[in-house]
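In this note's numbering, the protein residues as written are 1 to 104.
Even for Gly, the Cβ is constructed at its ideal location relative to N, Cα and C.
Written out below as C-alpha cells is the structure these notes cover.
What follows is the structure, given as C-alpha cells:
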C-alpha cells in the first residue's frame, strides 16, 4: 500500500529500467514510498536482466544509486554473463581515511 502523506495523496518510490541510448523501457514498478528502495529490487533486477539479454546479445551496463549498494545486489549482478555494473557508493559507514590509503 502506498504511503499517505496528506489525506487522499499516495506516495510511491518508482523504479524503472531502460535499455540503450534510445531509452527503451524494460520495466517499471511502483513500490510504496514507505519502504526501502532495496526491498524487492533484486527480484526486479533479475527479471529485467533476463529480459534485456533476450533483446540483445551485447554487453550490458547496469547503473544504480547508493540505495542498492548491498551485497545481495552485487551477488545477483555477478550471476549474469556479459553484465558490468556501476553502483554509487554509500559511504555512511565507511572509514574514508582507509579508502584514501587504498586509493593513493
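Applying the criterion that 16 or more other CB atoms from any shown protein chain within 10 Å of the CB defines a buried residue, is residue i buried or exposed?
i          : result
residue 64 : buried
residue 17 : buried
residue 62 : buried
The alpha helix (DSSP H) with residue i in it runs from where to where?
i          : result
residue 98 : 96-103
residue 56 : Segment: none, residue 56 is in no alpha helix (DSSP H) and carries neither H nor E.
residue 30 : Residue 30 -> no alpha helix (DSSP H), and no H or E assigned at all.
residue 71 : 71-79
Since I believe residue j is in contact with residue i (beta carbons under 8 Å), could you give me their beta-carbon distance rounded to a whole number of angstroms?
i          : j          : result
residue 38 : residue 68 : 6 Å
residue 60 : residue 93 : About 29 Å; that fails the 8 Å criterion.
residue 12 : residue 30 : 4 Å
residue 66 : residue 89 : 6 Å
Starting from residue i and walking both ways along the beta strand (DSSP E), at which residues does that stretch end?
i          : result
residue 66 : First-last for residue 66: undefined, no H or E at that position.
residue 18 : 15-19
residue 84 : 83-87
Compare the Cα-Cα distances from residue i to each of the options and report the closest residue.
i           : options         : result
residue 108 : 99, 88, 53      : Outside the shown range of the chain (1 to 104) lies residue 108, about which nothing can therefore be said.
residue 41  : 15, 24, 56, 84  : 15
residue 55  : 71, 30, 26, 66  : 26
residue 49  : 102, 84, 98, 33 : 84
residue 58  : 70, 80, 72      : 80
- Message: Across the region 69-76 and the region 42-52, are there enough close Cβ pairs to call them in contact, namely three or more that are closer than 8 Å?
- Response: Between the region 69-76 and the region 42-52, the count of C-beta pairs closer than 8 Å reaches three or more; the two stretches touch.
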